[in-house]
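Below is one structure, written out as structure tokens; the observations come after it.
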Amino acid sequence: MIPPETFNTARLHARKPRREDAPAAFAVYASDPIATKYLAWKPYTEVAPLADFFSDRIKDWATSSGHYGYMLCLKNSDLPIGSIGFIRKGHQAIFGYVLGQKYWGTGYMTEALSYLLTWAMAQPDIFRAGAFCDVDNPASARVMEKAGMTREGILRRYHIAPNISPEPRDCIMCAKVR
Ligand SMILES: CC(C)(COP(=O)(O)OP(=O)(O)OC[C@H]1O[C@@H](n2cnc3c(N)ncnc32)[C@H](O)[C@@H]1OP(=O)(O)O)[C@@H](O)C(=O)NCCC(=O)NCCS
176 MIPPETFNTA RLHARKPRRE DAPAAFAVYA SDPIATKYLA WKPYTEVAPL
226 ADFFSDRIKD WATSSGHYGY MLCLKNSDLP IGSIGFIRKG HQAIFGYVLG
276 QKYWGTGYMT EALSYLLTWA MAQPDIFRAG AFCDVDNPAS ARVMEKAGMT
326 REGILRRYHI APNISPEPRD CIMCAKVR
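The sequence shown stops at residue 353 when you use the numbering used here, and every number in between is there.
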């Protein structure tokens, strides 16, 4: 299973991250307390650690570590507006994503997730492609459903969102299986 290094949707171009993406990603989503509210990480306060994070993601690609991250750009631009990625865990692909606030409500993330979900379901050794989100993040659950996943239920005390609480929170789990 080798994921595509780039892909295109109707309006987006997705590609591997680069260290040089850090300033734009910092500005558009990674430093934003609202965009990162439900994520597993705190907003970045400096660009350099974000560049280091991208270096690690580049290494992941080079070593086939099972962690595949993409920067999402508008088709006419090379500047990231968000990111999407997945972790390969045995027969599963588990997705995560974030989009800069000014691009919310545009259907962009649905486009990107739909593409990768279709790709994942076409892999002979992937039988389940899913994602979870905080119970208070219904826009994300809706994106998963619009992309083709089914809402499976609530996983109680499943995930820590450090920007909300140090305690694990309930999450909505969605997936597509074959
Ligand atoms: C979640 C996120 C990626 C959505 O991206 P997007 O491009 O705005 O998504 P879309 O426009 O494709 O769809 C959003 C859907 O959620 C719906 N929605 C938005 N706010 C909602 C709310 N409070 N309650 C219910 N539905 C809501 C929209 O109406 C839309 O559904 P519709 O097309 O049926 O009307 C974006 O909000 C984001 O990056 N959030 C911060 C990071 C994050 O939470 N990531 C997910 C972690 S699991």
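Glycine residues also receive a C-beta, built at the ideal position from the N, C-alpha and C atoms.
**Request:** Quick one: give me the first and last residue of the alpha helix (DSSP H) that residue 315 is part of.
**Result:** Following the DSSP letters along the chain, one finds residue 315 inside the alpha helix (DSSP H) bounded by residues 313-322.
**Request:** Please specify which runs of the beta strand (DSSP E), each continuous and at least 3 residues long, are wholly inside the segment 187-249, giving them in chain order.
**Result:** Counting whole runs of 3 or more residues, the segment 187-249 contains the beta strand (DSSP E) stretches 187-190, 242-249.
**Pairwise C-alpha distance: residue 181 and residue 275** = So the alpha carbons of these two residues sit roughly 20 Å apart.
**Prompt:** Is the beta carbon of residue 187 sitting closer than 7 Å to the one on residue 247?
**Reply:** The answer is yes: Cβ separation under 7 Å.
**Message:** With a threshold of 6 Å (Cβ to nearest heavy atom), would residue 312 be considered close to ligand 1?
**Reply:** At least one heavy atom of ligand 1 lies closer than 6 Å to the C-beta of residue 312.
**Request:** May I ask whether a heavy atom of ligand 1 can be found less than 6 Å away from the beta carbon of residue 282?
**Result:** Yes, Cβ of residue 282 sits closer than 6 Å to a heavy atom of ligand 1.
**Request:** Decide if residue 351 is buried, meaning its Cβ has at least 16 other Cβ atoms within 10 Å, or exposed.
**Result:** Counting Cβ neighbours within 10 Å, residue 351 comes out buried, since at least 16 surround it.
**Item:** Contact between the segment 204-212 and the segment 274-290 (3+ Cβ pairs under 8 Å)
**Value:** Three or more beta-carbon pairs drawn from the segment 204-212 and the segment 274-290 are found closer than 8 Å, and the two stretches are therefore classed as touching.
**Message:** If you reduce the DSSP assignment to three classes, tell me which class residue 276 lands in.
**Reply:** In the structure shown, the three-state DSSP call for residue 276 is helix.
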